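Colleague: Handing you this structure, nothing more for now.
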Amino acid sequence: MTGPWWCFISLAAGSATFGAATVSAAESELQAVQVVCGRCHAPAVFLKQTRSWERWNDVFADMTKRGANGSEEQLARVTTYFLENLTLVNINTSPAEELAGVLGVRDDVAEAIITRRQSKLFANLAQLSEVPGVDPSKLEQRKSRILFGPEPTSP
Ligand code: HEC
Numbered sequence: 024m025t026g027p028w029w030c031f032i033s034l035a036a037g038s039a040t041f042g043a044a045t046v047s048a049a050e051s052e053l054q055a056v057q058v059v060c061g062r063c064h065a066p067a068v069f070l071k072q073t074r075s076w077e078r079w080n081d082v083f084a085d086m087t088k089r090g091a092n093g094s095e096e097q098l099a100r101v102t103t104y105f106l107e108n109l110t111l112v113n114i115n116t117s118p119a120e121e122l123a124g125v126l127g128v129r130d131d132v133a134e135a136i137i138t139r140r141q142s143k144l145f146a147n148l149a150q151l152s153e154v155p156g157v158d159p160s161k162l163e164q165r166k167s168r169i170l171f172g173p174e175p176t177s178p
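If you read the sequence shown in my numbering, its first letter stands for residue 24, the second for the next number, and so on.
Structure below.
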């Protein structure tokens with residue numbers, strides 16, 4: 024790899040080919056988190072927290088320095104897990120990879136969201152649901168992590 028592992032989110036966010044047939048993608052992602060991040064402390068340290076992707080990248084960098092490691096496939100699953108379950112996104116400011124990962128949409132749908140916000144910012148989930156390819160049931164699951172401010176995600 025040529026960069027830190029958490030930079031490879033396109034590998035994680037775009038793929039639908041995870042896992043053996045017997046294990047669902049979601050389970051194998053959580054397993055990877057337990058293996059990679061549960062070695063030195065209980066995953067409970069972070070499993071209930073939400074942060075911006077930038078803040079999670081700081082954590083990943085810190086943990087890598089402390090010795091966190093895994094196969095490329097495990098690390099891709101870890102990034103997918105964090106994006107899908109623990110990452111805050113701002114529909115009006117976040118980059119395409121974060122929109123795709125957090126909302127669970129294809130890259131072209133994330134690009135369509137960006138095109139639309141350039142002419143008019145999104146105000147709420149209903150407006151976001153109107154973008155073709157956005158799955159309202161996924162938005163409902165993730166709504167506590169979806170922000171619409173003009174300002175970047177915090178904390
Ligand atoms: C090689 C050991 C090791 C591994 C593997 C590891 N951590 Fe840690 N982690 C630590 C240590 C040491 C601390 C500091 C504990 C303390 O301050 O009491 C810590 C603290 C944390 C904290 C609390 C501090 C903060 O910045 O909020 C979080 C969150 C965290 N780890 C997340 C993770 C995640 C996510 C992974 C997997 C990518 C991971 N850790 C893997 C050693 C590790």
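Where a beta carbon is used, it is the ideal one built from N, C-alpha and C, also for glycine. Just so it is clear, the structure is predicted and the values come from calculations on it, not from any experiment.
#1: What's the call for residue 63, buried or exposed, on a 16-neighbour Cβ count within 10 Å?
#2: Which class does residue 122 belong to by DSSP, given the choice of helix, strand or coil?
#3: Among the residues of its own chain, which have a CB less than 7 Å from the CB of residue 66, if the five just before and after it don't count?
#4: Can you give me the start and stop residues for the alpha helix (DSSP H) that residue 113 sits inside?
#5: Counting pairs of beta carbons, one from the region 129 to 146 and one from the region 72 to 88, are three or more of them closer than 8 Å?
#6: Just to confirm before moving on: does the CB-CB distance between residue 125 and residue 102 stay below 7 Å?
#7: Using the Cα positions of residue 146 and residue 155, report the straight-line distance between them to the nearest angstrom.
#8: Helix, strand or coil: how does DSSP classify residue 75 here?
#9: Going by other Cβ atoms of all chains shown within 10 Å of its Cβ, with 16 needed for buried, is residue 95 buried or exposed?
#10: Report the option in 160, 76, 97 and 105 whose CA atom is closest to the CA atom of residue 70.
Modeller: According to the data block:
#1: As a working note, residue 63 is residue 40 in the sequence shown. Exposed, since its Cβ has fewer than 16 Cβ neighbours within 10 Å.
#2: Here residue 122 refers to the residue found at position 99 of the sequence shown. Of the three classes helix, strand and coil, the one that applies to residue 122 here is helix, per DSSP.
#3: By one-based count along the sequence shown, residue 66 stands at place 43. By the criterion of a C-beta distance shorter than 7 Å, residue 66 is surrounded in its chain by 56, 57 and 60, once the five residues flanking it on both sides are discounted.
#4: Counted from its first residue, the sequence shown places residue 113 at position 90. Counting along the chain, no alpha helix (DSSP H) covers residue 113; the unbroken beta strand (DSSP E) around it starts and ends at 110 to 113.
#5: No contact exists between the region 129 to 146 and the region 72 to 88.
#6: What you label residue 125 is simply residue 102 of the sequence shown in a count that begins at 1. What you label residue 102 is simply residue 79 of the sequence shown in a count that begins at 1. Not in contact: residue 125 and residue 102 (Cβ atoms no closer than 7 Å).
#7: By 1-based counting over the sequence shown, the position of residue 146 is 123. By 1-based counting over the sequence shown, the position of residue 155 is 132. If I take the Cα positions, the gap works out to 17 Å.
#8: Translated into the one-based positions of the sequence shown, residue 75 becomes position 52. The three-state secondary structure of residue 75, taken from DSSP, is strand.
#9: As a first step, residue 95 is located in the sequence shown; it is residue number 72 there, counting from the start. With fewer than 16 neighbouring CB atoms inside 10 Å of its own CB, residue 95 falls in the exposed class.
#10: Sequence index remark: in the sequence shown, residue 70 carries index 47 (1-based). Shortest Cα-Cα distance from residue 70 to any of 160, 76, 97 and 105 involves 105.
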